[in-house]
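Take a look at the structure set out below.
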Amino acid sequence: MSNYFLSHLKELEAEAIYVIREVIAQFERPAILFSGGKDSIVVTHLARKAFFPAKIPMPLIHIDTGHNFPETIAFRNNLVEELGVQLIVGSVQESINEGRAVEESGRNASRNALQTVTLLEAIESNKIDAALGGARRDEEKARAKERFFSHRDDYGQWDPKNQRPELWNLFNGKKSHGEHFRVFPISNWTEMDIWQYILTENIAIPSLYFAHNREVIYRDNTWLPVSEFITVREEETVIKKQIRFRTLGDITITGGIESDADTLDKIVMEVAASRHTERGNRADDKRSETSMEDRKKQGYF
52 MSNYFLSHLK ELEAEAIYVI REVIAQFERP AILFSGGKDS IVVTHLARKA FFPAKIPMPL
112 IHIDTGHNFP ETIAFRNNLV EELGVQLIVG SVQESINEGR AVEESGRNAS RNALQTVTLL
172 EAIESNKIDA ALGGARRDEE KARAKERFFS HRDDYGQWDP KNQRPELWNL FNGKKSHGEH
232 FRVFPISNWT EMDIWQYILT ENIAIPSLYF AHNREVIYRD NTWLPVSEFI TVREEETVIK
292 KQIRFRTLGD ITITGGIESD ADTLDKIVME VAASRHTERG NRADDKRSET SMEDRKKQGY
352 F
């Protein structure tokens, strides 16, 4: 009798699908946090496989800052239509208009941190008790210490010093009224795993991930895309470069890298040769050494 071995990607896939099914088993109103980036796309793809041929039995939640790439919004809308799932959109602009969030000012102003307010509002108003995200432990040191099932108190906050043990494949989803969980099915994946899986499964992704020509400025050691939301300084010059984005966030904080990787195969090769971190071009992570952990403690993704 021949032995049957799973590839490392199939093992990661099986683990993620197990976690997703465990969420459906333990919680009443789960949802997928969908940003339009590659990680949330992979989580959505895994959820689709977990329950096929049935539809994904939970809605997608997208927090719209108003500063999204147009390509991201178009991709989101097309995917929702294809999957036939419910889409819940939380608007940061509405949170600002109603006085629940305060717009930042200055040349480096961003709405990234303001998403926390809108996200917690969306979770509370829709009575979400488990929100699945695409965070991975290899991305950032704050995310490296977080569990698969990450408890949030009734204020939506995370306490990294008070996390529940996770032995083998046992997950404790017990909570009190008003509390919820963030669940991260692809915690053990790396950036390379994500790209190899996208290539293997032929998963559609936004065109922003592929090399393309775009007007940019060079700021803080990265190429920032020119947009109506970015103030170009006198000493900065707008030029056209062939770039791509390794990670997607708001257009105001997402820096690109010079690249000629216009296919998935080329992206995999580029990532394999890279000596820089995936989030090294994200302006929101450069504000302080603990910027991600500080945001997560307040309820960030």
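Residue 84 in the working numbering sits at position 33 of the sequence shown, and the numbers go up by one each step.
Built from N, CA and C at the ideal position, the CB exists for glycine as well.
Distance check for phenylalanine 280 and serine 58, CA to CA, integer angstroms please. Within the sequence shown, numbered from 1, the residue matching residue 58 stands at position 7. Within the sequence shown, numbered from 1, the residue matching residue 280 stands at position 229. One C-alpha to the other measures close to 44 Å.
Can you tell which of Asn223, Asp301, Tyr260, Asn272 has the C-alpha that lies nearest to the C-alpha of serine 278? Along the sequence shown, read from residue 1 onward, the residue named residue 278 stands at position 227. It is Asp301 whose Cα lies nearest to the Cα of serine 278.
DSSP bridge partner residues for aspartate 115 (one or two, in chain order): On the sequence shown, residue 115 is found 64 positions in, with the first residue counted as 1. DSSP, once it has assigned bridges, lists Ser142 as partnering aspartate 115.
N-terminal and C-terminal residue of the alpha helix (DSSP H) that asparagine 264 is part of: Locating residue 264 in the sequence shown gives position 213, where the first residue counts as 1. That residue, asparagine 264, is in no alpha helix (DSSP H); its beta strand (DSSP E) goes 263 to 270.
Please classify leucine 171: is it buried, with 16 or more other beta-carbons within 10 angstroms of its beta-carbon, or exposed? Locating residue 171 in the sequence shown gives position 120, where the first residue counts as 1. Looking at its Cβ environment, which holds 16 or more other Cβ atoms inside 10 Å, leucine 171 is buried.
Sufficient close CB pairs (3 or more, under 8 Å) joining the stretch 232 to 249 to the stretch 59 to 79: yes
Assign histidine 59 to one of three DSSP states: helix, strand, or coil. Residue 59 sits at position 8 when you count from the first residue of the sequence shown. Of the three classes helix, strand and coil, the one that applies to histidine 59 here is helix, per DSSP.
Quick check on DSSP: helix, strand or coil for lysine 192? Your numbering for residue 192 matches position 141 in the sequence shown. Correct three-state label for lysine 192: helix.
Starting from arginine 203 and walking both ways along the alpha helix (DSSP H), at which residues does that stretch end? Here residue 203 refers to the residue found at position 152 when the sequence shown is read from its first residue. Looking at the DSSP string, arginine 203 is not in any alpha helix (DSSP H); the run it does join, the beta strand (DSSP E), is 200 to 203.
At least three beta-carbon pairs within less than 8 Å, the stretch 297 to 316 to the stretch 247 to 263: yes
Inter-residue Cα distance where the pair is valine 93 and aspartate 311: Taking the first residue of the sequence shown as position 1, residue 93 is located at position 42. Taking the first residue of the sequence shown as position 1, residue 311 is located at position 260. About 24 Å.
Buried/exposed call for tryptophan 240, threshold 16 Cβ in 10 Å: For this step, residue 240 is matched to residue 189 along the sequence shown. Tryptophan 240 should be labelled buried.
Let me know the alpha helix (DSSP H) ranges lying completely inside the stretch 256 to 324, each 4 residues or longer, listed in chain order. 315 to 324
Rounded to the nearest angstrom, what separates isoleucine 139 and arginine 162 at their Cα positions? Position 88 of the sequence shown, counting from 1, holds the residue named residue 139. Position 111 of the sequence shown, counting from 1, holds the residue named residue 162. Straight-line Cα distance between these residues: approximately 19 Å.
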